[in-house]
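S.K.:
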Amino acid sequence: MSIKEKEHIFVSYSRRDDAVMRRIVTFLRGKGFGVWVDNEELIPGTPIWEVEIEKAIRNSGAIVALLSPNSNSSVWVRREISFAEEYQKRIFPVMVSGNQKTALMLRLITNQYVDCRGEKEDEGIMLLASALGSYLQYVPKNKQTIITKEFTKKEQKKEPIQTKKTSQSSTLKNRGSWIYLSVFIIIICICVFGSWWIWENGDALFGLA
Numbered sequence: 020m021s022i023k024e025k026e027h028i029f030v031s032y033s034r035r036d037d038a039v040m041r042r043i044v045t046f047l048r049g050k051g052f053g054v055w056v057d058n059e060e061l062i063p064g065t066p067i068w069e070v071e072i073e074k075a076i077r078n079s080g081a082i083v084a085l086l087s088p089n090s091n092s093s094v095w096v097r098r099e100i101s102f103a104e105e106y107q108k109r110i111f112p113v114m115v116s117g118n119q120k121t122a123l124m125l126r127l128i129t130n131q132y133v134d135c136r137g138e139k140e141d142e143g144i145m146l147l148a149s150a151l152g153s154y155l156q157y158v159p160k161n162k163q164t165i166i167t168k169e170f171t172k173k174e175q176k177k178e179p180i181q182t183k184k185t186s187q188s189s190t191l192k193n194r195g196s197w198i199y200l201s202v203f204i205i206i207i208c209i210c211v212f213g214s215w216w217i218w219e220n221g222d223a224l225f226g227l228a
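At position 30 of the sequence shown the residue is numbered 49 (my numbering), and the sequence of numbers has no breaks.
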């Protein structure tokens, strides 16, 4: 087990995006990831709150930043991302609402984000889990089943092509066999006819008549 597997994922978000944050966190934990969320570990406004957030970011294996107009205007989200960058943490931006103009921070403009807006949420969360698993060198639960299904689908797609090639090959072999057989029969017929003709006309042919 690598060191990164033991490290948690820190989620940076705006309080106004609490509902979507909980859905994402629940899914990731269901896949076996350790996720740190401030509202579960701390009481906001207490003296130790800021210190514990800094500690959680320093000890994290990756940062998931939920992007929205709410988080874009949040001083604390910006501070958390800035602090994570200071410690060279890998940041996974996840857009949960808004668009690039209203939700994407300038400092994350070059980062490829996962789209979890509206109907894309379920697919986006699965892509996020896959990306986190690859980075943290961790195989989420059920991923092996997913890989097996994808492999089976690919093999099924390839099968008709292989069958077609095999069928063509068999046809060519059968056609070649018939050609050889036909030539052999013709040669036999020529030999038999030639022998009969020589037998019948041998005396005249050799001047014995």
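C-beta: ideal position from N, C-alpha, C; glycine also.
Hey, I76 and F111 are a contact pair by Cβ (cut 8 Å); roughly how many whole angstroms apart?
M.R.: That belief does not hold up - the Cβ atoms of I76 and F111 are roughly 14 Å apart, past 8 Å.
S.K.: With DSSP as the reference, label M145 as helix, strand or coil.
M.R.: helix
S.K.: Using only CA atoms, which one of V44, E73, V94 and N118 lies nearest to M145?
M.R.: V44
S.K.: Between the Cα of K120 and the Cα atoms of E99, S92, Q107 and L147, which residue gives the shortest distance?
M.R.: S92
S.K.: May I ask which residues mark the beginning and end of the beta strand (DSSP E) holding L86?
M.R.: S79 to L86
S.K.: Which residues share a DSSP beta bridge with P112?
M.R.: A84
S.K.: Using C-beta distances below 6 Å, list every residue in its chain close to F102, excluding the 5 sequence neighbours before and after it, in chain order.
M.R.: I76
S.K.: Mind checking L1: buried by the 16 CB within 10 Å criterion, or exposed?
M.R.: Absent from the structure is residue 1, since the part of the chain shown begins at 20 and ends at 228.
S.K.: Among E71, A38, D141 and R35, whose alpha-carbon lies nearest the alpha-carbon of F29?
M.R.: E71
S.K.: Given a threshold of 16 other Cβ atoms within 10 Å of its Cβ, counted over all protein chains shown, does S90 qualify as buried or as exposed?
M.R.: Buried is the call here.
S.K.: First and last residue of the alpha helix (DSSP H) that includes S101?
M.R.: V94 to E105
S.K.: Quick check: what's the CA-CA separation for W55 versus A84?
M.R.: 12 Å
S.K.: What does the Cβ neighbour count give for S229, buried or exposed, with the cut at 16 atoms within 10 Å?
M.R.: No answer is possible for residue 229: it lies beyond the span of the chain, which begins at 20 and ends at 228.
S.K.: If we ignore side chains and look at the alpha-carbon of each, how far apart do E26 and L151 end up?
M.R.: 12 Å
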